[in-house]
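With the first letter of the sequence shown counted as 1, position 216 gets the number 216 in the UniProt record's numbering; the numbers rise by one all the way through. Working notes, beginning with the structure itself.
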Amino acid sequence: MSSVKSLARERCSLLAVLCGNYVNRLIEETEGRVPYPFPEIASAGRVEVHKLINPTFDQFKEAQRSVQPIILFCQGEQLSDIEEIGSLIWGTSDASDSIASLIDPPLPTIVYLEVPSGEEIAQSLHLKGVPYVIYWKNQFSSYSASHFREALLSCVQSSLSHTWDAFQLANASFRLYCSKSNRMSRETDGQKVHIKLGPHLLGVAPKIPISTAETNKAEVEEEEEEEEQDSSETSPAIKIYEEDVDIRLLICGMQCAQDAFLLGSLEDGLSALLNVEIRGSKLQNRVSAAPPLEAGTLNHGIVTMRCDLTTCNSTHISLLVSGGAESCFDDQLLEMHIKNELIEKTRLVCPVPSSEKSYGPQNSLTVACGAPVFEVRMAVPKWASQVLKHLAKEASYRSLVALGIASLDGTPVASFDRRDANRLLFFCRDNEKELQNIPSNFHLLRCSSCPTEDRAKRSANPKLVSSMRPVPHSRKHKLGLYFGSEKSSNRQEPSAVNSGNKPGSVSVTIPAVKQNLVRSAPKVVHRKPLSQPVVPINPLPMKKHGCTRLPIPICSEEEFLKDVMQFLVQRGHTKLVPQGGLSEFPDAILNAKRLDLYNLYKEVVSRGGFYVGNGINWKGQVFSKMRNHTISNKMTGVGNTLKRHYETYLLEYELAHDDVDGECCLLCHSSAPGDWVNCGLCGEWAHFGCDRRQGLGTFKDYAKTDGLEYICPHCSVTSSKKRMKLSNGLSTMRTIASNA
1 MSSVKSLARE RCSLLAVLCG NYVNRLIEET EGRVPYPFPE IASAGRVEVH KLINPTFDQF
61 KEAQRSVQPI ILFCQGEQLS DIEEIGSLIW GTSDASDSIA SLIDPPLPTI VYLEVPSGEE
121 IAQSLHLKGV PYVIYWKNQF SSYSASHFRE ALLSCVQSSL SHTWDAFQLA NASFRLYCSK
181 SNRMSRETDG QKVHIKLGPH LLGVAPKIPI STAETNKAEV EEEEEEEEQD SSETSPAIKI
241 YEEDVDIRLL ICGMQCAQDA FLLGSLEDGL SALLNVEIRG SKLQNRVSAA PPLEAGTLNH
301 GIVTMRCDLT TCNSTHISLL VSGGAESCFD DQLLEMHIKN ELIEKTRLVC PVPSSEKSYG
361 PQNSLTVACG APVFEVRMAV PKWASQVLKH LAKEASYRSL VALGIASLDG TPVASFDRRD
421 ANRLLFFCRD NEKELQNIPS NFHLLRCSSC PTEDRAKRSA NPKLVSSMRP VPHSRKHKLG
481 LYFGSEKSSN RQEPSAVNSG NKPGSVSVTI PAVKQNLVRS APKVVHRKPL SQPVVPINPL
541 PMKKHGCTRL PIPICSEEEF LKDVMQFLVQ RGHTKLVPQG GLSEFPDAIL NAKRLDLYNL
601 YKEVVSRGGF YVGNGINWKG QVFSKMRNHT ISNKMTGVGN TLKRHYETYL LEYELAHDDV
661 DGECCLLCHS SAPGDWVNCG LCGEWAHFGC DRRQGLGTFK DYAKTDGLEY ICPHCSVTSS
721 KKRMKLSNGL STMRTIASNA
């Protein structure tokens, strides 16, 4: 569960070393006391548990060599007083001082010491090389330790989580339920002494590694300039546009004041849960997109991407990201920037203050098995709401239960059972009077009772039996992408278009992400449909490829495809290069033929490049020159298909090469974007909109295959003068023939 191990291994081995008079015990229900079901330490999810009870030193070393655990759990001796845990006693030997010397390489990633006053042992283990050590400084009760351990293992069982995130989630659960419980105090000499309990973590917080070969070189070159720029504010590499929404949480427990401590603990727990999902996410796809309306005017050189990601537990989300071309066109670098922005720089969860004085318990048999619950509202990004709803439906996902969340926006948490409700309610009763507030339809599970006896008692009330039938939960993963607002998701994303300014003339600055400390209401952005076409902007100039191939007009197709494959591999797009090599490249089929990248690239760069935008008629001018075209072609949407293929395979390649013809309009003498047409006589390019002559057709009439031939004004005037010199009134065809 280190930064490498925790995300690379599906199975996580745990070696539990139990000592003293260990028994898998449960507290019997007595008068005025609710039973506490101690959860068993057993294999579940991705955790494989191996137990040792009162081992000798040799047995422990042999077990460690054979199991090679990722997590080593050492529990202290359970004293006669069931509420306390003692030292690390194995049989008759005290292993507290020698535990560090007994652990041999390969060292576990986590050592969890469930012993009192374990700071010195933890320090010795950490100095030996154990990356993360969890320990307790003071005395603690077995109830609190059991609750923290269950929350920690729930996170590890459910997700490929990092140690840091799993600890933060478990610690938030501990603060949420154990910090205000009367189990946090004990009687000493007739006086009630409050003990500040809580686990601690030794280890370094993980960092997102944002570094590539190119960025490392750039950092070395800019080291001297960094000292001068320390005082100036630096803009983030990317900006993520997100819309916040309110989510309604039902928390298992008795009604209490929603103070800053409770809301802060819940916020920390949900943030750690979302960090687990983002830290283990993978970038699946990216396409260029129009910037949102609230972004205002972006600086030149900033591109906008719609990025599709799959989170740690297979939730599909979509984010709208803007940034420089160097960040957005490298899949690996873009993925790291997204993770860094969401985990390190963004406050994902914010409490929403309640306008009401209190929320009454809202009990339902489908939520927390009828246990008392209270309502809390949080503001989260819309993608986070989607992730949480997906996780709530998974019967094997336990991290939400660890935080006491029984329902999320009306969706019951599928993995919540009555044993969980019993454990959580155990910490919520500050006095015996609250026992009377439990609804009669909530049957407290007596762990020592027989299930058949419980069923026999419930059969006496047929209405109760029918109302307590289990609610089915679907375990299927539903594929649903978050596209911001509904209107924006239904709108087509126009391709990027050249803005007309020279690339690199304006420095790249991106507005910083706003992080409000308190949000009284969710921020809802009302977006209006676009009435005018969005004109995207120039990309940043990319580092040149430095290849030795011939210029594109005389370059062979084989040489071109080999160069494209080499470029994609260097940029980290290994998914686009098949293992079969040139014979299988590209792995894209269009019109029952392999995509003709060679002619696609030649036609686009000869017409000004991808960012000319609408100046290229993709179907009429480009597709007709490709091998994928057939005379009887009746394909629809082929223009958008070609644009997507070009963005995937060739856009970065175009930006890294000088293959685009630097033509300018012969009428306005600029290279601004527009509807470009080519004169059939002189071969010069012009903006169709710059030609104000009467009697011209539409742009589509000239751009489509076998359409009208465009003659620029200069050639038209020259031709008319030649026709005026003729005195015999010959036809236009004879005039042209005689001139030829």
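Ideal Cβ placement from N, Cα and C applies to all residues, glycine included.
Legend entry - Rounded straight-line distance, which links the Cα of Lys51 to that of Ala16: Residue 16 sits at position 16 when you count from the first residue of the sequence shown. Residue 51 sits at position 51 when you count from the first residue of the sequence shown. In a straight line, the C-alpha of Ala16 is about 5 Å away from that of Lys51.
Legend entry - Separation of Leu18 from residue 741, as counted between CA atoms: Residue numbering for the chain in the displayed model covers 1 to 740; residue 741 lies beyond these limits and cannot be assessed.
Inset, instruction - Report the three-state DSSP secondary structure of His147 (helix, strand or coil). - result: Taking the sequence shown and counting its residues from 1, the one referred to as residue 147 is at position 147. It is helical.
Legend entry - Proximal residues to Glu603 (C-beta, below 6 Å), its chain only, five neighbours per side dropped: On the sequence shown, position 603 is the one that residue 603 refers to. The answer, listed in chain order, is Val622, Lys625.
Legend entry - Ala95 (DSSP reduced to helix, strand or coil): By 1-based counting over the sequence shown, the position of residue 95 is 95. Coil, per DSSP.
Legend entry - Spatially closest choice to Asp331 from Leu388, Thr109, Ser281, Ala172, by CA coordinates: To locate residue 331, count along the sequence shown from 1; it is residue 331. Comparing Cα positions, the closest option is Ser281.
Inset, instruction - Indicate the three-state DSSP secondary structure (helix, strand or coil) for Asp308 in the structure shown. - result: For the purposes of this step, residue 308 is taken as residue 308 along the sequence shown, with counting starting at 1. Three-state DSSP puts Asp308 in a strand.
Inset, instruction - Please list, in chain order, all residues of the same chain as Ser271 whose beta carbon is under 7 Å from its beta carbon, the five residues on each side excluded. - result: By 1-based counting over the sequence shown, the position of residue 271 is 271. Excluding sequence neighbours, Ser271 sits near Leu348, Val349.
Inset, instruction - Taking 9 Å as the cut-off, decide whether the C-beta atoms of Leu273 and Leu391 are in contact. - result: Residue numbering aside, residue 273 sits at position 273 when the sequence shown is read from its first letter. Residue numbering aside, residue 391 sits at position 391 when the sequence shown is read from its first letter. Contact: yes.
Inset, instruction - Report the rounded CA-to-CA distance for Ser161 versus Ile41, giving the unit in angstroms. - result: As a working mapping, residue 161 is identified with position 161 in the sequence shown. As a working mapping, residue 41 is identified with position 41 in the sequence shown. Distance between the alpha carbons of Ser161 and Ile41 is about 19 Å.
Inset, instruction - Could you pull the start and end residues of the alpha helix (DSSP H) that His126 belongs to? - result: In the sequence shown, residue 126 corresponds to position 126, counting from 1. Unbroken alpha helix (DSSP H) run through His126: 119–128.
Legend entry - Segments of 3+ residues assigned as beta strand (DSSP E) that fall wholly inside the stretch 355–433: 373–381, 405–408
Legend entry - Nearest to Leu597 (by Cα), restricted to the options Ser93, Ala406, Pro586: Translated into the one-based positions of the sequence shown, residue 597 becomes position 597. If we check each option's Cα against that of Leu597, Pro586 comes out closest.
Inset, instruction - Would you check if there are 3 or more beta carbon pairs closer than 8 Å linking the stretch 52–68 to the stretch 125–142? - result: no
Inset, instruction - With DSSP collapsed to three states, give me the class of Leu15. - result: Within the sequence shown, numbered from 1, the residue matching residue 15 stands at position 15. Correct three-state label for Leu15: strand.
Inset, instruction - Flag this pair as yes or no: are the beta carbons of Gly269 and Ser415 separated by less than 9 Å? - result: Counting from one through the sequence shown, the residue named residue 269 turns up at place 269. Counting from one through the sequence shown, the residue named residue 415 turns up at place 415. For Gly269 and Ser415, no; Cβs fall outside 9 Å.
Legend entry - Three-state class that DSSP yields for Val604 in the structure shown: Position 604 of the sequence shown, counting from 1, holds the residue named residue 604. Reduced to three states, the DSSP call for Val604 is helix.
Inset, instruction - Give the C-beta separation of Ser318 and Thr304 to the nearest angstrom, bearing in mind that I take them to be a contact with Cβ-Cβ under 8 Å. - result: Here the question's residue 318 lines up with position 318 in the sequence shown. Here the question's residue 304 lines up with position 304 in the sequence shown. Incorrect: roughly 13 Å between the Cβ atoms, too far for contact.
Inset, instruction - Pick out whichever of Gln168, Pro713, Leu550 has its Cα sitting closest to the Cα of Leu266. - result: As a first step, residue 266 must be located in the sequence shown, where it is residue number 266. Ranking Gln168, Pro713, Leu550 by Cα distance to Leu266 puts Gln168 first.
Inset, instruction - Check whether the Cβ atoms of Cys307 and Leu293 lie closer than 9 Å to each other. - result: Position 307 of the sequence shown, counted from the first residue, corresponds to residue 307. Position 293 of the sequence shown, counted from the first residue, corresponds to residue 293. The answer is no: Cβ separation not under 9 Å.
Inset, instruction - Indicate the three-state DSSP secondary structure (helix, strand or coil) for Asp552 in the structure shown. - result: Locating residue 552 in the sequence shown gives position 552, counting from the first residue. Going by the sequence as given, residue 552 is Ile instead of Asp. Coil, per DSSP.
Legend entry - Contact between the stretch 96–104 and the stretch 117–133 (3+ Cβ pairs under 8 Å): yes
Inset, instruction - Go ahead and pull the three-state DSSP assignment for Asp659. - result: Counting from one through the sequence shown, the residue named residue 659 turns up at place 659. Asp659: coil per DSSP, three-state reduction.
Inset, instruction - Determine the extent of the beta strand (DSSP E) in which Arg46 is found, giving its start and end residues. - result: For the purposes of this step, residue 46 is identified with residue 46 of the sequence shown, where counting begins at 1. Neither: Arg46 is in no beta strand (DSSP E) and is coded neither H nor E.
Legend entry - Close beta carbons around Arg147, own chain, < 8 Å, minus the five adjacent residues each side: Numbered from 1 along the sequence shown, position 147 holds the residue referred to as residue 147. The sequence as given places His at residue 147; Arg does not occur at that position. Result list for His147: Ser173, Phe174, Tyr177, Cys178, Arg423, Phe427, in chain order.
Inset, instruction - Please name the residue in Ile110, Ser117, Arg65, Arg149 whose C-alpha comes closest to that of Trp164. - result: Counting from one through the sequence shown, the residue named residue 164 turns up at place 164. Per the Cα distances, Ile110.
Legend entry - Beta-carbon proximity check, Ile338 vs Ile278, cutoff 9 Å: As a working mapping, residue 338 is identified with position 338 in the sequence shown. As a working mapping, residue 278 is identified with position 278 in the sequence shown. In contact: Ile338 and Ile278 (Cβ atoms closer than 9 Å).
Legend entry - Proximal residues to His687 (C-beta, below 6 Å), its chain only, five neighbours per side dropped: Taking the sequence shown and counting its residues from 1, one reaches residue 687 at position 687. Cys665, Gly674, listed in sequence order.
Inset, instruction - Leaving out five residues on either side along the sequence, give the residues of the same chain with a beta carbon under 6 Å from the beta carbon of Asp659. - result: Residue mapping note: residue 659 aligns to position 659 of the sequence shown, counting from 1. Correct list, in chain order: Ile552, Val605.
Inset, instruction - State the DSSP-derived secondary structure class of Arg692, mapped to helix, strand or coil. - result: Locating residue 692 in the sequence shown gives position 692, where the first residue counts as 1. Correct three-state label for Arg692: coil.
Legend entry - Residue-chain proximity (Leu309, chain B), Cβ-Cβ < 9 Å: Considering every chain present, this structure includes no chain B. It has just one protein chain.
Inset, instruction - Can you give me the start and stop residues for the beta strand (DSSP E) that Trp164 sits inside? - result: Position 164 of the sequence shown holds residue 164. That residue, Trp164, is in no beta strand (DSSP E); its alpha helix (DSSP H) goes 163–177.
Inset, instruction - Could you check what DSSP says for Phe38 in three-state terms: helix, strand or coil? - result: Locating residue 38 in the sequence shown gives position 38, where the first residue counts as 1. Reduced to three states, the DSSP call for Phe38 is coil.
Legend entry - Chain-order list of residues whose beta-carbon lies under 6 Å from that of Leu590 (same chain, five-residue window excluded): Numbered from its first residue, the sequence shown carries residue 590 at position 590. Excluding residues within five positions, the ones whose Cβ falls inside 6 Å are Asn628.
Legend entry - Among Ser159, Cys74, Ser117, the one whose alpha carbon lies nearest that of Arg149: By one-based count along the sequence shown, residue 149 stands at place 149. Nearest C-alpha to Arg149: Cys74.
Legend entry - Integer Cβ distance of Gly76 from Glu114, believed to fall under 8 Å: Position 76 of the sequence shown, counting from 1, holds the residue named residue 76. Position 114 of the sequence shown, counting from 1, holds the residue named residue 114. Yes, Gly76 and Glu114 are in contact; Cβ-Cβ is about 6 Å, under 8 Å.
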